[in-house]
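Residue numbers (full-length UniProt numbering): 1 to 197.
Here a beta-carbon is modelled for each residue, glycine too, at the ideal position from N, C-alpha and C.
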Ligand SMILES: C[S@@+](CC[C@H](N)C(=O)[O-])C[C@H]1O[C@@H](n2cnc3c(N)ncnc32)[C@H](O)[C@@H]1O
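Structure follows, in structure tokens:
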């Protein structure tokens with residue numbers, strides 16, 4: 001399934017990108033500064049929007065996704081290296097990055113808590129963490145519908161969980177919340193965190 005998903009990902013995302021997702025990506029990514037790590041960078045849809053970063057290292061475990069992102073990395077305004085790697089075991093030393101970015105990725109990674117702990121480890125103290133994530137709605141009926149749909153959705157969308165309680169997971173790790181903005185009636189969240197370790 002991974003290969004097919006990688007092949008159709010950009011086409012599948014196009015309507016959402018046109019409806020405002022691209023604008024949300026731009027707004028988030030322009031806050032990434034210094035040495036940046038992007039986790040699960042997919043086909044590199046965020047790459048054109050890095051302006052203030054000195055350097056970006058993007059990790060992505062799916063080889064076809066990674067290959068597809070290389071053109072966007074070459075065309076980017078800042079240097080971007082793409083590395084085949086898993087965000088559950090980030091292959092960098094402690095306190096390496098000024099900013100860590102993740103978009104639409106904590107929904108898919110099998111162990112998001114382990115990933116958040118890894119982000120905490122590799123991000124410098126007082127570094128910034130930027131997420132754009134869809135989450136489980138805190139509303140009885142709609143949340144249940146997300147729970148029911150998740151098994152089939154996961155199958156079709158390469159592991160994506162519609163019902164991840166991402167904010168609860170973030171709170172467990174102990175980052176300091178700087179900013180949280182909600183879109184699409186709370187379905188999509190833009191989150192800025194401080195690595196207060
Ligand atoms: C829905 S796509 C999002 C891609 C991209 N971040 C974006 O905003 O378009 C989810 C991505 O998470 C990646 N992914 C899945 N498991 C992962 C893991 N363990 N570590 C890092 N990335 C992972 C997938 O390969 C895929 O590229």
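Given residue i as reference, the closest of the options once Cα atoms are compared
{"i": "residue 45", "options": "132, 182, 87", "result": "132"}
{"i": "residue 83", "options": "10, 76, 41", "result": "41"}
{"i": "residue 193", "options": "184, 187, 167", "result": "167"}
{"i": "residue 30", "options": "17, 99, 57", "result": "99"}
{"i": "residue 93", "options": "187, 182, 119, 175", "result": "119"}
{"i": "residue 55", "options": "73, 62, 66", "result": "73"}
{"i": "residue 13", "options": "177, 104, 61", "result": "104"}
{"i": "residue 123", "options": "138, 108, 102", "result": "102"}
{"i": "residue 3", "options": "140, 61, 80", "result": "61"}
{"i": "residue 143", "options": "186, 121, 71", "result": "186"}
{"i": "residue 64", "options": "7, 171, 140", "result": "7"}
{"i": "residue 154", "options": "97, 109, 86, 26", "result": "109"}
Local conformation of residue i per DSSP, three classes
{"i": "residue 73", "result": "helix"}
{"i": "residue 9", "result": "helix"}
{"i": "residue 175", "result": "coil"}
{"i": "residue 140", "result": "helix"}
{"i": "residue 54", "result": "strand"}
Near ligand 1: residue i beta-carbon under 8 Å from a heavy atom
{"i": "residue 184", "result": "no"}
{"i": "residue 9", "result": "yes"}
{"i": "residue 22", "result": "no"}
{"i": "residue 46", "result": "yes"}
{"i": "residue 91", "result": "no"}
{"i": "residue 41", "result": "yes"}
{"i": "residue 25", "result": "yes"}
{"i": "residue 143", "result": "no"}
{"i": "residue 99", "result": "no"}
{"i": "residue 36", "result": "no"}
{"i": "residue 109", "result": "yes"}
{"i": "residue 73", "result": "no"}
{"i": "residue 190", "result": "no"}
{"i": "residue 117", "result": "no"}
{"i": "residue 61", "result": "yes"}
{"i": "residue 87", "result": "yes"}
Cβ of residue i within 9 Å of any chain C Cβ
{"i": "residue 39", "result": "Judged by its chain identifiers, the structure shown contains no chain C, having just a single protein chain."}
CB-CB length for residue i against residue j, believed under 8 Å
{"i": "residue 190", "j": "residue 28", "result": "6 Å"}
{"i": "residue 5", "j": "residue 158", "result": "4 Å"}
{"i": "residue 59", "j": "residue 90", "result": "7 Å"}
Own chain, CB closer than 6 Å to residue i, minus 5 neighbours either side, in chain order
{"i": "residue 163", "result": "136, 146, 147, 150"}
{"i": "residue 9", "result": "43"}
Residues near residue i in its chain [Cβ-Cβ closer than 8 Å; skip 5 each side]
{"i": "residue 53", "result": "32, 33, 34, 35, 36, 78, 99"}
{"i": "residue 126", "result": "194, 195, 196"}
{"i": "residue 106", "result": "112, 115, 116, 131, 133, 164, 166, 169"}
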